[in-house]
Each structure stands twice: as C-alpha cells, then as structure tokens.
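Report on the structure given below.
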Amino acid sequence: MRNRNKLTMITAASVAVLTLLAGCGGGSGFDDNASSDKPTSDSSQELTVLIGSSGDTETKAVKDAVAAWSEKSGTKATVQVANDLAQQLSQGFAGGDPADVFYLAPEQLAGHASNGSLLAYGDQLKNKSDFYDNLLQTFTYDGKLYAAPKDVSTLQLVINTDMWSEAGLTDADYPTTWDELADVAKKLTNDDHVGLAFNGEYARIGVFLKQAGGGLVSDDGSKAIANTDESLKGLTEVKDLLDTGTVKYASDLGTGWGGEAFGSKKAAMTIEGNWITGGLSADYPDVKYKVVALPEGPAGKGTMHFTNGWGIAADSKNQQGAIDLVEYLTSDDVVMGFAKAFGIMPATKTLADTWKGEFPDLSAFMDGLDYSVTVPTAKGAADVVTDFNAQLEGLKTGDPKTILDKTQTNLEAILK
Amino acid sequence: MSATQAATPRKGRARKIPRQHIDRRGQEISGWLFCLPMIVILGVFMFVPILMALWVSVSDWTGRGTPFGGNVSFVGAENYTDVLAKPGLAQSDFGTALRNNAWYTLIVVPLQTLLSLALAVMLNRKILKARGFFRTAFYFPSVTSSVAITVLWLFLFNAAGPINAMLKWFGVNGPNWFNDPQGIIHIFLGALGVKNGPAVLTEHSFLGVSAWDWLAGPSVAMFAIILMVIFTTSGTYMLMFIAALQSIGEATEEAAIMDGATPWQRMWKVTVPQLKPTIFTVVTLGIIGTWQVFDQIYTGTQGGPAKTTLTTAYLSYSAAFNSQEWGRGAAISFILFVIIIVMTWIQRWVMKDKKMSRRKRAEYEAMKAEARSMTKSEVMSLGASRSGKHAAAATATATVAGKE
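Protein sequences appear in the order of chains X and P.
For the first sequence, position 281 (counting from the first letter as 1) is numbered 281 according to full-length UniProt numbering, and the numbering increases by one without interruption.
For the second sequence, position 195 (counting from the first letter as 1) is numbered 195 according to full-length UniProt numbering, and the numbering increases by one without interruption.
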C-alpha cells in the first residue's frame, strides 16, 4: 500500500517538474517572425554590441564609436567584450536573446545563417557598393549578404631589415620567385635564427597553394580543388622549404605564432598579416622591419585575406537601429579612426588610397587585396580546415599528396 | 523512511494509549515537503536537462530558439550513425578523440592511484616529521584552479621552458612538449627503426582511425597533460587513502609484525587488501574523471597539436558550439555516458570478491580444524620451535659474518 503511494507521489512530482519546464521552454520567445520583410524598429530597445576584442585599445575605440552613434541617434547601445565570442553567440541564439550587433567571423556565417539566426540586411545597407566585391562574397550565403565587412587583413612577407643587411642583402634582393625565397632564406639562416618562420596552418600555407594556382575550393566556393596538381605543387614547395632547415614552423621554434618568432629574433622573415604591426610595436619595439609582397609562384601572385563582419541578429527587437549602427561603424571616418587606433585595414575601396597615404610602409598589405583568396565558408568547412591544419603539423614527415587527398574527400562531403 | 523507523518501536504502546496514534500520512507528506526543494533543484538542473539533451541528440535542432519548437524534427539515430558508422570527418574525429581519451585513462588511472596510495602510506607514518606540512603541500594542487595549473604547465613545458632547461643539465634535448603530435609508442618504435606500421595495422581501421594510429599511444603533448592531471588529482585521492588508513587500526599491523612479515609483505598482503573499498572508489572516480576531461583541454591545447589532445568531452563541446552541430554534440555526450557506465561496470566486475575455489576452501578449512584441535601447550611450543629456528638462523648469519 505504502509503496504504491510512494510511486504515485514520485510520478506526481516528476510530472509537476516536467510541466514547469515545458512551460519555461515554450515561453522562451520562439516565434516565426522571420517571414516579414520589414525590419523591426523598436527604437526604445537598447542595443547590445558583442565584440571579441584584441585588447584595451580596440575595446575603447569601439566603445567610443558606439557611444558617439548613441548620442547622434538617441538609441541607447552598450558594448560587451566576449571571452569566447563563438560560444557566447551560440548561447545567445539558442536562448533566443542574442546580442543585436556582433563581430561575425566568416567560418561562423554558414552555421548561423542556415538556421535563420542572422538578419540578411545586405540589401538595406546604403554603403554596400563601397566594399570590395570579394569581401562581400565572403559574407554571402545562399545568395544573400549577411554582414558588412568590418575590416580586412592580408598576408605578406615581413622582413627584419637588420638581419637582411647583416646577410649582405639589399633592396634589390627582395624575393619575387619561389627560388629567390629559398635562396634568401638560406642566406638569412645562421646559428641564432632561421631564414623564414610561419604558422603551420592553412591560413599561412594557403598562400603557396594560391601562388601555384591551387587552393582548397574554387573561387565561387562550389568545387573542391584540394588535390589538384596545382595545389600539390604548392604544398610540395612548402615541404621542400621545411626540408632545407632554413624555413620552420613558428611552433618548432618554441613560439606561439610567426609574429612572436619574428619579434623574438628567432626568424629573419615571417608570413603574417597587418595585425603584426601592433604586436611588434607593443612587445618588440626595437625590431626594425619592412613589409614586401610575397613572391610569385608558377601561377603568379597569391595571398590570403581574412575579414570579420558586423552581424545582426534576426531576433533583434530593433533591427533598423542595428543597421543604422552598422552603417555608422563602417563609415569612412569611423573606420579610419579604428585604423589609427588599433591598426586595422579598411574593407572599402573608397578608403584604400587614404589608408595607403596614412601608412605607406604597409601598402603591400592593401595591394594584396587585388589577388587574394579567402578561407572556404561552406557549412562544415571550419572542421575541414581544422583537420587540414592538424595534418599540416605533420607535413615535414608526411606526404603532401595523402594530406591533400584526405582534405579533398572531406571537402567533397560538405560541398555536395 | 523515517516514518517507519519512528513508528515500529512504539507499536506496542500505541495500542494501549490511543491518543498517541501517529499520523503516518501527515508524516509522509511532510517528508516529501522537506525533500521537495532538492527534488525540484535536481529535476530542473539535472534530470530535465538530461532529457532535453537526449531529445536534441535525436533531433535536427540547429541551435536557434527552443529545441521543442515546431520546426525541429525527429531524425532517429542519424546523429549517432554520423559519428559511429558513416565514414567521414565526424566519424574520424570521434575515433581520434576516443583513442586519445582511452590512452589518457589507461595511463592516468593506474598512475594516480599508485601515487596517491604511496603518498598516503608515507604520510601515515608516525616517524615522519612535519606530516601536516607535507599533507598540505601534496593536497595543494587539488584545490588550485585547473585553469591556473594549466597555464603554469604551458609555461613549464614550453619548448624553451624550465622543464627543457632542466633536461638539458642531463644532456637531454627535451621535446617541444605542447606542439609535438607524435605518439610516444610511435616514437619508441621509431627509435627501433620501425617508421611505418605493417600493412595489417595500417590497412584496417576502426571509427576512421587506422589500427596503427590507435596504437600510437598518447602524443607528447597529451603526455604533458597526463603528467599535469596526475600531479593535481593524486592529492585528492591521497586524502581518501589517508582517511582509510587511519580507520584500519594498528592491531592487524602489529599482529603482522609479530608474525614476522616484512614491511613489503605487510603493505601488500595486509594493508592493501583492507583498503580495497577505497581503491574501488578511487579507481571508479578516476575512470569517470578521466573520461570527462575538459577544462585542461579547453584552456590549454584546444585539441591540438594535430588533434592529439582532442578528447570526447571537448569534441562534444566543439561540435555543438563551434560547428553548430548540436545534435551531434549531444549524441557524442550520450555515447560518452554509455562508455563511462560500461567501464565502471567492467571495473566493478573485475574488483569483485571472487568465490574461493573448492580446493582452496578445503585447505583453509583443514587449517582451521588443525588449529582448533591443538592444545595450548602445543601452540606455545610452536612459537618456541619457531623462535628457536630464528635463533639458529641468526647464529648462522653471525658465523658467516665472522668468517668474512
């Protein structure tokens, strides 16, 4: 008798708890309001801006810009700095209460766009035509533009000028071909440092694939080209360079990235983007350097660009306000302010010359945009790149063909 | 429960004095009321989330809004087959994570159990001075945040860090710890000249990872993490062993000394068998803890180099939060749950008290019968003859010593 009572009680309690939770679950604001074309514009709603900051200068610059917009528009907006942007964004979308405006990395685009978390506001953006087309392509998913590029970076060759002249090299010796690169790397190597060091990952090694005419995916992102002869030629060149011992991965020198290897004088050259200038002036102010274009491969010039965009949540209560804010944050004055504050490179054609005038030493980075490729952005591509990177760490002892074949299979699986 | 215990002894009296009749129903209700806060808390924060995750693992939820919305549908075991059966990146990632985690568990659990037992036995000795100090010192890593320890470890095991500097004193060129993806068994075989595995091993694969790679052993990077975890957790388990050792009491130890057992014999034949319940607890907690390893990976290596520190729990996290494959992430965590249950169950079965074989039982009975049939004087003479033997042996030793 008592046992049955107990059972009833347990059942009743469980049912009660479940009902309670089902109630919570149902009320978490999930409505299908994505069908309406007109953006929401409840300007009484405060906007939240979630950023992944590189440091205090960036945080302050963004906060100041957002505050200036707030004052101008009369809509309140606050900036939050994420510790782990990807995780905090996902959490916001799952909970139905995401930040309104946020940094959006291209590799995250497909995942968030495919489940309808992002607002495809591209067509409402007034300054859309100012941006470089290949950057807009990066943020296009299923034919819709989901984000305005915030800034852009390209990779070029960074040279330590002291070591350069020490090795008896002059301005005429900047490498323009793979052979010359191997040659100067050899001349620059001594007991204290190697000639060239870079991170052992696709985001650096990809430049060699591009210079050979290969890559991971075709320009429109629809076809996997990882194991073509061109790609193989590019990766084999990297392996050959590593085999000489004058070129090393930054991690093999006990450093975290190419900039650290370069700054701590363990390498005379590195392949890095324009972000290196900030790092060098902060941590290694005594290192003198020069940025030159990467050498040409069999298929001509090639580099990679990386960009970050401003995303807007589909669940935002004030989408119109968010679009206004993004337009303000990508306007010429604000972007140049960011460039001066924390060294970003503008993503708009209108600012290219202004920026080059302001930073003549870094103009090689801006020129790179004419011949650069981006990382693949299809859904699941980030996992494939991670796997490719994992294999690239073993390139020195591995077989380039095997590595590329496996990556090709993985890419074909997600591009189907 | 408390109602029954309280009610039973009073039954007799209750008949005589009807006014003291106990309202069982009321007691039961108040009992439930007292338990209710805990039931609700456990339900809301554990039971229901587990059910929700179970649903996510068989759904196509994409991570937006509630998983119980109208546009989330049931996809059956698809998320499970993706990681278990369908060849591809999801499967080989899971296989890699499983391999890494299995090696990790295989090395960490025995080592941390032995180390903590050794520390406990040493600290339990009366003659040791400053026991309190050592206890605190050994326990300290356990109470320190694992994030802080991980950062410390990254610094210590840097290619140009203190550990490698110390190895250099002995003429050893230390590895590039956290960046070295080579498995230690592969390194060992490589030193013997075996660079590539035999075709039998490289051609056959399980979960997208070839048999040769399953046998790679933990990578150098993973090995550094293994050292770290042993360092941090053995303090906790040491505490458990100390508590168990103190409850054993000195009688058996003294009896063993009287019987002439050596310290080594006393340790393994007398002390350790009595610690069996604690060893069981420590090993069980160890297995569960090692299969769930996450923070060290998240703050330290994020799965790198070359995915050799990717663990099952971290893979589950990154599948959900980084790749937006929420169903797959949940499925991995449920597979992990099953693995832990099975491993614990196997371990329980291995450590269970086995029935004595019939022969051994007969021998044991005979011994007991013999002892019972002996008279007191016989027992006394037994001791005397033995000490006599001892004396003889001692004399012999003395003679030998004298000759030398």
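We treat Cβ as the ideally placed atom computed from N, Cα and C, and that holds for glycine.
Computed from a predicted model, the values in this text were never measured in an experiment.
Asked: Would you call the stretch 109 to 125 of chain P and the stretch 236 to 254 of chain P touching, i.e. three or more CB-CB distances under 8 Å?; Found: yes
Asked: Between Val384(X) and Val375(X), how many whole angstroms is the CB-CB distance? I'm expecting something under 8 Å.; Found: Rounded, the Cβ-Cβ distance is 10 Å, inconsistent with contact.
Asked: Taking 8 Å as the CB-CB cut-off, is Pro162(P) touching chain X?; Found: no
Asked: Using a Cβ-Cβ distance cut-off of 8 Å, determine whether Gly88(P) contacts chain X.; Found: yes
Asked: Of the residues that make up the stretch 51 to 64 of chain P, which ones have a beta carbon closer than 7 Å to any beta carbon in chain X?; Found: Thr62, Gly63 and Arg64
Asked: What's the C-alpha gap between residue 433(P) and Asn124(P)?; Found: Nothing can be reported for residue 433(P), as the shown portion of chain P is limited to 1 through 404.
Asked: Please name the residue, chosen from Gly168(X), Ile225(X) and Val334(X), that lies closest to Thr189(X) on a Cα-to-Cα basis.; Found: Gly168(X)
Asked: How big is the Cα-Cα spacing for Pro263(P) and Thr105(P)?; Found: 31 Å
Asked: If I'm right that Glu230(X) touches Ala212(X) with Cβ under 8 Å, what's the distance once you round it to whole angstroms?; Found: 5 Å
Asked: Under a CB-based cut-off of 8 Å, is Leu21(X) close to chain P?; Found: In this predicted model, Leu21(X) has a pLDDT of only 47, less than 50, meaning its place in the structure is not dependable; the value taken from the coordinates is given anyway. Answer yes: the Cβ-Cβ gap between Leu21(X) and chain P drops below 8 Å somewhere.
Asked: Would a C-beta distance cut-off of 8 Å place Thr232(P) and Ser146(P) closer than the cut-off?; Found: yes
Asked: Using a Cβ-Cβ cut-off of less than 9 Å, list which residues of the stretch 303 to 327 of chain P approach chain X; keep chain order.; Found: Gly303, Gly304, Pro305, Ala306, Lys307, Thr308, Leu310, Tyr317, Ser318, Ala319, Ala320, Phe321, Asn322, Ser323, Gln324, Glu325 and Trp326
Asked: Does DSSP put Asp42(X) in a helix, a strand or coil?; Found: coil
Asked: Could you check where the beta strand (DSSP E) with Trp69(X) kicks off and where it finishes?; Found: Segment Asp56 to Ser73 is the alpha helix (DSSP H) holding Trp69(X); no beta strand (DSSP E) there.
Asked: Taking the CB atoms as reference points, tell me whether Ala382(X) and Lys150(X) lie closer together than 8 Å.; Found: no
Asked: Inspect the beta-carbon positions of Ile159(X) and Tyr289(X) and report whether they are closer than 8 Å.; Found: yes
Asked: Mind checking whether Leu109(X) and Leu50(X) have CB atoms under 8 Å apart?; Found: no
Asked: Can you tell me the Cα-Cα spacing of Ser28(X) and Val350(P), whole angstroms?; Found: For Ser28(X), the predicted structure reports a pLDDT of 40, less than 50, and the residue's modelled location is therefore unreliable. A value from the coordinates is still provided. Straight-line Cα distance between these residues: approximately 48 Å.
Asked: Going by C-alpha distance, which of Met366(X), Glu327(X) and Tyr328(X) is nearest Ile344(X)?; Found: Met366(X)
Asked: Quick one: give me the first and last residue of the beta strand (DSSP E) that Pro162(P) is part of.; Found: Careful: Pro162(P) lies outside any beta strand (DSSP E), inside the alpha helix (DSSP H) at Pro162 to Trp169.
Asked: Roughly how many whole angstroms lie between the Cα atoms of Val283(P) and Val326(X)?; Found: 55 Å
Asked: Where does Glu296(X) fall in DSSP's three states?; Found: strand
Asked: Report yes or no: is there a C-beta of chain P within less than 8 Å of the C-beta of Glu393(X)?; Found: yes
Asked: Would you say Ala243(P) reaches chain X, if we count a Cβ-Cβ gap shorter than 8 Å as a contact?; Found: no
Asked: For Gly234(X) versus Phe208(X), is the C-beta spacing smaller than 8 Å?; Found: yes
Asked: Could I get the ranges of all uninterrupted alpha helix (DSSP H) runs contained in the stretch 310 to 393 of chain P, with 4 residues as the minimum, in chain order?; Found: 312 to 321, 326 to 351 and 358 to 373
Asked: List the endpoints of the continuous beta strand (DSSP E) containing Asn308(X).; Found: Thr303 to Ile312
Asked: Just list the residues that DSSP pairs Ala269(X) with in beta bridges.; Found: Here residue 269(X) turns out to be Met, not Ala, going by the sequence shown. Partner(s): Ile159(X) and Leu196(X).
Asked: Out of Gly195(X), Asp191(X) and Ala172(X), point me to the one whose CA is closest to Asp183(X)'s CA.; Found: Gly195(X)
Asked: Looking only at DSSP bridge pairs, what is Phe155(P) linked to?; Found: DSSP, once it has assigned bridges, lists no residue as partnering Phe155(P).
Asked: When we look at the beta-carbon of Asp93(P) and count the other beta-carbons within 10 Å, is it buried (16 or more) or exposed?; Found: buried
Asked: For Ala6(P), which residues in the same chain have their Cβ closer than 6 Å to its Cβ, ignoring the five residues on either side in sequence?; Found: Note on Ala6(P): pLDDT 45, under 50, position unreliable in the model; the coordinate value appears next. Counting only Cβ-Cβ distances below 6 Å, and skipping sequence neighbours, we find nothing.
Asked: Measure the beta-carbon distance from Ile185(P) to Gly208(P) and round it to whole angstroms, keeping in mind my assumption that it falls under 8 Å.; Found: The pair is not a contact, with the Cβ atoms about 20 Å apart (cut-off 8 Å).
Asked: In whole angstroms, what is the alpha-carbon distance linking Gln391(X) and Met222(P)?; Found: 17 Å
Asked: Taking only the alpha-carbon atoms, compute the straight-line gap between Cys24(X) and Pro67(P) and give it to the nearest angstrom.; Found: Below a pLDDT of 50, predicted positions are generally treated as unreliable, and Cys24(X), at 44, falls in that range; the measurement from the model is reported next regardless. Taking the straight line from one Cα to the other gives about 12 Å.
Asked: Leu404(X) to Leu118(X), Cα distance in whole Å?; Found: 33 Å
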